[in-house]
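Step one of this worksheet: look at the structure below.
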């Protein structure tokens, strides 16, 4: 369940803000080192990628992942996108103050790992999670850099049309996806991404996305349940020879949100919140599996 605010604030006070230079650009990230050296994920790092108009600090507060870091031992990293957004592969993404061509998010994340290695921190497993714009970036990373991440968790982030033809090449060993059917920004059935009057590209339908990602996998094993928030949930599990696993949560009635967020979303803008499912816990549970 979501961590309480008192615990969350204490964890955030232990988080460091660091700055590095990548391709001549100053980039910032927050890092939370676990207070536990014996947790089940003490050799792991998790990148948490915020949505558009947000930043790493907001991502830390929203997800409660620093508390989970202390519990399970992993290092939590909250990078900042330039101008509060990510260069996620969509042609519609533009930057006012920076040249889009030199903004390489993979190099940024990789340089963060190098920065931590200089401080004596090494990791055997690298995971990533992201919401919205940050989740779309994860699809780009999984396609273009298939060996960078050991697992990924993607929330409220459709897959752009630009990646349709290469989705079947994604082979990450652990992937978990959360998508809500009543998302007012990322259309569940595909189409234009809209925030207010702004259009930000097209995504394929969620059902087609899952079909492409699981084309060579067994499943699904399906579980259906309801929550106290009057929403219904469908958990679909797929696997391939115990080498790959994909879990897809279909949340009927939910909006453009992080399930289990400790921050209240404006439901007039983002749709219904999801309180009876903790996305962070479900991700970590998958990431910890052998």
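Numbering (the working numbering), first residue to last: 52 to 341.
Don't be surprised by glycine CBs; every beta carbon is placed ideally from N, CA and C.
Just so it is clear, the structure is predicted and the values come from calculations on it, not from any experiment.
What residue from 302, 259 and 150 has the CA that sits closest to residue 283's CA?
Sequence index remark: in the chain shown, residue 283 carries index 232 (1-based). Nearest C-alpha to residue 283: 302.
I need the straight-line Cα distance from residue 259 to residue 169, nearest angstrom please.
The residue you call residue 259 lines up with position 208 of the chain shown. The residue you call residue 169 lines up with position 118 of the chain shown. About 43 angstroms.
Per DSSP, what kind of secondary structure is residue 337 in: helix, strand or coil?
Locating residue 337 in the chain shown gives position 286, counting from the first residue. Residue 337 falls in the helix class under three-state DSSP.
Using only alpha-carbon positions, find the residue among 195, 109, 245 and 309 that is nearest to residue 330.
The residue you call residue 330 lines up with position 279 of the chain shown. The shortest C-alpha separation from residue 330 is found at 309.
Residue 269: which of 275, 87, 184 and 289 sits nearest, CA to CA?
Taking the first residue of the chain shown as position 1, residue 269 is located at position 218. Of the candidates 275, 87, 184 and 289, the residue whose Cα lies closest to the Cα of residue 269 is 289.
Between residue 119 and residue 267, what straight-line distance do the alpha-carbon atoms span, to the nearest angstrom?
The residue labelled residue 119 in the question sits at position 68 within the chain shown. The residue labelled residue 267 in the question sits at position 216 within the chain shown. Approximately 33 angstroms, taken between the alpha carbons.
Give me the Cα-Cα distance between residue 78 and residue 229, rounded to the nearest whole angstrom.
Start at 1 with the first residue of the chain shown, and residue 78 comes out as number 27. Start at 1 with the first residue of the chain shown, and residue 229 comes out as number 178. Rounded to the nearest angstrom, the two C-alpha atoms are 29 angstroms apart.
Who are the Cβ neighbours of residue 324 in its own chain at under 8 angstroms, not counting the five residues just before and after it?
Here residue 324 is taken as the residue at index 273 of the chain shown, counted from 1. For residue 324, where only same-chain residues beyond five positions count, the Cβ hits under 8 angstroms are 280, 305, 306, 308, 312, 315, 316 and 318.
With a threshold of 6 angstroms on Cβ separation, who are the neighbours of residue 58 within its own chain once the five nearest residues in sequence on each side are excluded?
Stepping through the chain shown from its first residue, residue 58 is reached at position 7. Caution applies to residue 58, whose pLDDT of 36 falls short of 50 and renders its modelled position unreliable; the model cannot decide the point.
By the DSSP assignment, the alpha helix (DSSP H) with residue 142 in it spans what residues?
Within the chain shown, numbered from 1, the residue matching residue 142 stands at position 91. Taken as a continuous stretch (DSSP letters only), residue 142 belongs to no alpha helix (DSSP H), as it is neither H nor E.
Go ahead and label residue 338 buried or exposed: buried means 16 or more other beta carbons lie within 10 angstroms of its beta carbon, across all protein chains shown.
In the chain shown, counting from the first residue as 1, residue 338 sits at position 287. The residue is buried, with at least 16 neighbouring Cβ atoms inside 10 Å.
Should residue 95 and residue 174 be called a contact, given that it needs their Cβ atoms to be closer than 9 angstroms?
Translated into the one-based positions of the chain shown, residue 95 becomes position 44. Translated into the one-based positions of the chain shown, residue 174 becomes position 123. Closer than 9 angstroms, so yes.
Please name the residue, chosen from 87, 222 and 201, that lies closest to residue 340 on a Cα-to-Cα basis.
Your numbering for residue 340 matches position 289 in the chain shown. Of 87, 222 and 201, the residue nearest in Cα terms is 201.
Just to confirm before moving on: does the CB-CB distance between residue 216 and residue 252 stay below 9 angstroms?
As a working note, residue 216 is residue 165 in the chain shown. As a working note, residue 252 is residue 201 in the chain shown. For residue 216 and residue 252, no; Cβs fall outside 9 angstroms.
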